[in-house]
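Since the structure comes first, as structure tokens, the remarks are kept for the end.
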Amino acid sequence: MAGAGSGKTETMSQRVLFLLANYGIAPERVLGLTFTRKAAAEFAHRLRKRIGFLASSGLLAEVENDPWFAASVNVSTYDSFAGNLVKEHGALVGVDPNARLITAAASWQILDDLISTYQGKLPEKAPAEIRKAALHLANEMTSHGVTITALEAELARWEEGIKTTPLTGRKKKLPRYSQSLLDKISERRLLLPLIKKFNDYKRAHNLLDFTDQMAVALEIVRNFPTVVAEIRSEYDAVLLDEFQDTSVGQMELLSTLFKDMSVTAVGDPNQAIYGWRGASAASLDLFPIMFAQQMETKTFSLSKAWRNKENILDLANLISAPLAQKTYPGVDVIKLVASNSEDADKGKISVFYPATNVEEYRYVAEQVKKWKQTYIDPHSGVNDETYAILVRSRRHFLPMIEALEAQGLEAAVVGLGGLVTQPVIADLRAILAASIDPLDGPAVMRLLTNLDLSARDIKVLYSWATQLSKKRNSLEVGRQEFLLDAVDNPPEVGWSADGGAGFSARGHQQVQLLRDRLAAVRAVLDFDVSYIVSKAIRVFDLDVEVDADPYLNLAGTAVDAFLEIANDYASQTEYANLANFLDWLETTVEAEQGLKAPTAQVDSSVIQIMTVHQAKGLEWDRVAVIGLNEGGFPSYEGAHFIKYENPATLKSGFSFDARPQSGWLGTIADLPHNLRQDYTFKGEAQILPGVPEFDQYEDCDALEAAIEAYRLDLAYYQEREERRLAYVAFTRPKKELVLSGAWYRIGTKSTQLPSRYLTEGIHAGIVNPTVFADAETTEVEAAENYSFSGPALIWDAPDLDVENLVVNQETTQIPRKPGVSRKLINDSGSRVLSQIAQRLNTSGMEITELDFDPADKQQAELIYTAQRALDAYKKRLADKTIEVSVERLSATSVTSLLLHQKEFAQRLRRPVPAEPSDAALLGTIFHAWAQTWCQKAGQASAEAEPLQAETAENSAETTVSFDPDTLTQKQKLQLGKLQERAKEIFTDELSTVVGLEVPFSLKHEQLTIRGQIDVLAKADGKWRVIDWKTGRPPVLDEKHRENNLSSHLSGYLGQLALYRKAIAQQQGVAENEVEVELIFLGGDDSYSPQQRRISLSQLQTYFANVNIEQLFAELFTQG
1 MAGAGSGKTE
11 TMSQRVLFLL
21 ANYGIAPERV
31 LGLTFTRKAA
41 AEFAHRLRKR
51 IGFLASSGLL
61 AEVENDPWFA
71 ASVNVSTYDS
81 FAGNLVKEHG
91 ALVGVDPNAR
101 LITAAASWQI
111 LDDLISTYQG
121 KLPEKAPAEI
131 RKAALHLANE
141 MTSHGVTITA
151 LEAELARWEE
161 GIKTTPLTGR
171 KKKLPRYSQS
181 LLDKISERRL
191 LLPLIKKFND
201 YKRAHNLLDF
211 TDQMAVALEI
221 VRNFPTVVAE
231 IRSEYDAVLL
241 DEFQDTSVGQ
251 MELLSTLFKD
261 MSVTAVGDPN
271 QAIYGWRGAS
281 AASLDLFPIM
291 FAQQMETKTF
301 SLSKAWRNKE
311 NILDLANLIS
321 APLAQKTYPG
331 VDVIKLVASN
341 SEDADKGKIS
351 VFYPATNVEE
361 YRYVAEQVKK
371 WKQTYIDPHS
381 GVNDETYAIL
391 VRSRRHFLPM
401 IEALEAQGLE
411 AAVVGLGGLV
421 TQPVIADLRA
431 ILAASIDPLD
441 GPAVMRLLTN
451 LDLSARDIKV
461 LYSWATQLSK
471 KRNSLEVGRQ
481 EFLLDAVDNP
491 PEVGWSADGG
501 AGFSARGHQQ
511 VQLLRDRLAA
521 VRAVLDFDVS
531 YIVSKAIRVF
541 DLDVEVDADP
551 YLNLAGTAVD
561 AFLEIANDYA
571 SQTEYANLAN
581 FLDWLETTVE
591 AEQGLKAPTA
601 QVDSSVIQIM
611 TVHQAKGLEW
621 DRVAVIGLNE
631 GGFPSYEGAH
641 FIKYENPATL
651 KSGFSFDARP
661 QSGWLGTIAD
671 LPHNLRQDYT
681 FKGEAQILPG
691 VPEFDQYEDC
701 DALEAAIEAY
711 RLDLAYYQER
721 EERRLAYVAF
731 TRPKKELVLS
741 GAWYRIGTKS
751 TQLPSRYLTE
761 GIHAGIVNPT
771 VFADAETTEV
781 EAAENYSFSG
791 PALIWDAPDL
801 DVENLVVNQE
811 TTQIPRKPGV
821 SRKLINDSGS
831 RVLSQIAQRL
841 NTSGMEITEL
851 DFDPADKQQA
861 ELIYTAQRAL
871 DAYKKRLADK
881 TIEVSVERLS
891 ATSVTSLLLH
901 QKEFAQRLRR
911 PVPAEPSDAA
921 LLGTIFHAWA
931 QTWCQKAGQA
941 SAEAEPLQAE
951 TAENSAETTV
961 SFDPDTLTQK
971 QKLQLGKLQE
981 RAKEIFTDEL
991 STVVGLEVPF
1001 SLKHEQLTIR
1011 GQIDVLAKAD
1021 GKWRVIDWKT
1031 GRPPVLDEKH
1041 RENNLSSHLS
1051 GYLGQLALYR
1061 KAIAQQQGVA
1071 ENEVEVELIF
1081 LGGDDSYSPQ
1091 QRRISLSQLQ
1101 TYFANVNIEQ
1111 LFAELFTQG
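With full-length UniProt numbering applied, the sequence shown corresponds to residues 1 to 1119, in that order.
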């Protein structure tokens, strides 16, 4: 039982060392499982490092000189473990070992195709909603082992029983909740034939998703004891990380395989926050029962928190205390204690609760600014602390970012929310939507707003749209596309419908530009999805806007990530089209799952904003948790209908009744709780609230009362899920926690009640709001002149007429003012145009004569930079020399820069995409095969960790690989030859390999060179770099020397020299301790293995007149 910040990963590592040192267990007989690839990589790295220390300490003398000892530990994800089991033994249950694993996007597309040709009756809902519900219900059925027949039988029984329940009195129909339940049952039944077709399609086409994979693995171990015995024989110890997040199906699979063995499960019941995706909150409680039938289990608690200050831990313990009350036996809830109770600094918890959410965002932003200004390291003179703002709902992202930027702070929304919240991605989605859907008025309006049109021009455009509709006699009911009509056919300059100011020339020009750009995107709608997205980016100059943005907003990374998502969707989805991609994207975004976030490293100086779910496992120095209102956090439906007798207040004594919740009753996408595997504890005590027998009530009143009581039970169950989420949020900061909410949210009418998690802390005296001098202030200004500058904390709910609230001009301007980034860019552009105009009328004017304030350091630096750029431009005109400024280079481009500078500069300034070639495809497939082949010798040692940087390509559970089946027969023969030669040349050296696809970053002052090495080896104390080449070996003779110097062969000289420098810097050794060579595998069979190996020393001898070291020295000096 490992509480938040208690050091569970280190404890698991020490557990492995204990088993190795005391029981002689070999590392390869230890299995570690966790949920994500990132967590698995971190755990494996720590294990290998600790085992390496142990092996070198002399405590394990027999393996002291075995380089593979520490590297042989097995760590993977739960899904990967199940996938390998299915690959090896799937044939036993009729599953092809080569079955293709499909993503959620592919499943979405399959369902879309099935719905388009489906002849049966479906619920009267939008196709996207039907797809979403059917996919979720199908996954839940598979996860809990419920067949279509079993669910159909249960639903049919309930439907018949409810329909035949007698009505009372003069009632002519069932009461509200009974009728709603009946409707949902009927609609859920309509989905079952569609789900059957979906399952049949996957089976017929040899497809599996992750849920299928786990279910097949479970079926195998249930029915084939020999498989269980084989897998058990491979391991002596098993470690299960984040066990509170496992489902009952996963628990059954693992317990069937490893019960009564040495199994260590680590988790925190207070952090079981993934019930919505199938995890069971009782996982840790069920562990002793499922894993120990003949052996004794022991429970240990890690309650000492090394992360948080004492006051923060007190609040976390207070919030989690109610979770100790269970309806079933199990483990106790952990009470955290500070690692240093004698520390005078107990940590700080502050509260903001102003009148409106507008003020809440501003006060939080001002607090973060104070942090940035206050906590300066006296030695470095900079603020090295980390800050985060956590939210329960994505709706807080944009206003919070705007509030931070208004304080001059840089912020980045992290994760999926960060991707779709980026303005550039919102613009891109609007472009794509407007290109295919004339009914998407909001998308068109966003694009118009981005044109920075005046309010008058927008009004004129709307009037013109109405005129067009009348002219075409097309005012049909429900017609909404008239706004797009106005964009496609804008009014003439000066046109006006009401006699007022006419359509401006600038407005006409901008709308025409939007029309032409949309037409360019529509022209390629028959192309691949990823191509359409790329086209939209180029046509609308989104890439230029990203590069010009002076604020760090991860926009460039977001664009790259979005392109990758589009490419993955297209490559994994048969017959993919833009409409379906946007539908899938919308549903996936709303579900907050399925998409990978931008992977750029966020600087510690940037304030991170993310959801609480994304924050699990992370930590910062200071954290603000915002939006702490009932209905927001905790999140539930109908919060504005809550009834309470006394005036709402933050003070003690205020209470309100729980609001009943619909839960699975109110949706057709969820499996009924009584069919879930975690419904009861051993078939006895309830884990989930007990489901009424809906078909066995004497009349409709009794049925309605039972449903209402059950909805209240669901509310209490849901609140426990939210309470665990609050515990996760409150345990993220090390030193300081800010909690905030607001009495009113702009756009709503009713008072927002303060979150119970906030008031519980205040009433217990742990959260002390009296730090504010105006904390007792309750008076606020009248609605008609409210200035949004009230007190930071108001104890009692103010009487504010929200419906008549006049928000200041800054907030309500239509069209809305451009954001900070665009305003800076627009102002800069205006100043440039102004200076151009002056220069046209003033000959010989110099930049230094421009009007600027020398005392403004930032402005002065900009002017002097422009002057230097102008001087450099004049110099280039004079000597016709091409100059480019580069701070980061790829390894492959460095050789061109070293030896062919002019060509390199031209390509950099005018990049031309390389034409795809068969040779490039063959080389890519060979490199993928070579990496897999080399890995069979074992994992690389901790000496070269990390082996592979986690990227957008390798961070997902499954990656898209190049399929050899796409090769022609001739290419397949060529691939076979390459593989044979690689084995012939390198098999004997596999044991020296310590890294594959190893990334490097060679830094020298302002210049950074990045690249990746195929193979890193170590033998006889020297590092060796191997680079595979699928071309034929070069001829190093005098006859070809001149041609070779101008060919790519000379480039290999720079490439290998770079690799040597990079590895020397990375490993902290001299360059003469690094050997580098190329292995050429192409050509005919006349070349010997030795002729196929070309080393750096050979190339340096051959190109003796090329001083590669001098070239690098010049590059670093110029860089």
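The beta carbon of each residue, even a glycine, is placed where N, CA and C say it ideally should be.
In terms of DSSP beta bridges, what is residue i paired with?
{"i": "I401", "result": "Bridge partners of I401: none, in fact."}
{"i": "R37", "result": "Looking at the DSSP assignment, R37 forms no beta bridge with any residue, so it has no partner."}
{"i": "A305", "result": "A338"}
{"i": "A411", "result": "I607"}
{"i": "Y317", "result": "Note on identity: in this sequence residue 317 is Asn, with Tyr being the wrong assignment. Paired residue(s): none; N317 is not in a bridge."}
{"i": "G83", "result": "None; G83 has no bridge partner."}
{"i": "A685", "result": "F681"}
{"i": "V30", "result": "A237"}
{"i": "E1077", "result": "I1026 and S1095"}
{"i": "K202", "result": "Bridge partners of K202: none, in fact."}
Closest to residue i by C-alpha separation, out of the options, would be which residue?
{"i": "M295", "options": "S262, Y717, A930 and S755", "result": "S262"}
{"i": "L978", "options": "L753, H927 and V998", "result": "H927"}
{"i": "R176", "options": "E704, S435, G90 and R100", "result": "E704"}
{"i": "E140", "options": "Y118, L181 and L192", "result": "L192"}
{"i": "T386", "options": "K470, V623, T748 and N450", "result": "V623"}
{"i": "G1054", "options": "G923, L800, K121 and L1078", "result": "L1078"}
{"i": "N98", "options": "L85, A104 and Y1102", "result": "L85"}
{"i": "R131", "options": "A104, E152 and V1025", "result": "A104"}
{"i": "D713", "options": "S750, V533, E684 and S662", "result": "S662"}
{"i": "R538", "options": "V424, L650, D526 and S80", "result": "V424"}
{"i": "G761", "options": "L111, Y727 and E545", "result": "Y727"}
{"i": "T77", "options": "L1056, V238, I195 and K202", "result": "V238"}
{"i": "L578", "options": "L513, F527 and S255", "result": "F527"}
{"i": "T1030", "options": "V1015, G24 and T924", "result": "T924"}
State yes or no: is the C-beta of residue i within less than 8 angstroms of the C-beta of residue j?
{"i": "S107", "j": "L137", "result": "no"}
{"i": "N270", "j": "R724", "result": "yes"}
{"i": "I626", "j": "V364", "result": "yes"}
{"i": "D241", "j": "T34", "result": "yes"}
{"i": "A1062", "j": "L1002", "result": "yes"}
{"i": "A1064", "j": "V1074", "result": "yes"}
{"i": "M214", "j": "Q250", "result": "yes"}
{"i": "D268", "j": "A40", "result": "no"}
{"i": "W127", "j": "L190", "result": "Sequence inspection shows Pro at residue 127; the Trp mentioned does not correspond to that position. No, these two residues do not count as a Cβ contact at 8 angstroms."}
{"i": "P647", "j": "P354", "result": "no"}
{"i": "K358", "j": "L404", "result": "Per the sequence shown, the amino acid found at residue 358 is Val instead of Lys. Taking 8 angstroms as the Cβ cut-off, V358 and L404 do not qualify as a contacting pair."}
{"i": "F633", "j": "I319", "result": "no"}
{"i": "D695", "j": "G145", "result": "no"}
{"i": "L758", "j": "L739", "result": "yes"}
Which first and last residues belong to the beta strand (DSSP E) in which residue i is found?
{"i": "K977", "result": "Where K977 is concerned, there is no enclosing beta strand (DSSP E), although the alpha helix (DSSP H) it sits in stretches over Q969 to F986."}
{"i": "D621", "result": "W620 to V625"}
{"i": "A430", "result": "Run containing A430: none in the beta strand (DSSP E); it sits in the alpha helix (DSSP H), P423 to I436."}
{"i": "R1024", "result": "K1022 to K1029"}
{"i": "V391", "result": "Y387 to V391"}
Counting along the chain, where does the alpha helix (DSSP H) carrying residue i start and finish?
{"i": "A156", "result": "I148 to K163"}
{"i": "E10", "result": "K8 to Y23"}
{"i": "S534", "result": "V529 to V539"}
{"i": "F258", "result": "V248 to F258"}
| Contiguous beta strand (DSSP E) assignments of at least 3 residues, all confined to the segment 707-773 | Taking 3 residues as the minimum length, the beta strand (DSSP E) runs contained wholly in the segment 707-773 are 733-740, in order along the chain.
| Length-filtered (4 minimum) alpha helix (DSSP H) runs lying within the segment 98-154 | The qualifying runs are 104-116 and 127-143.
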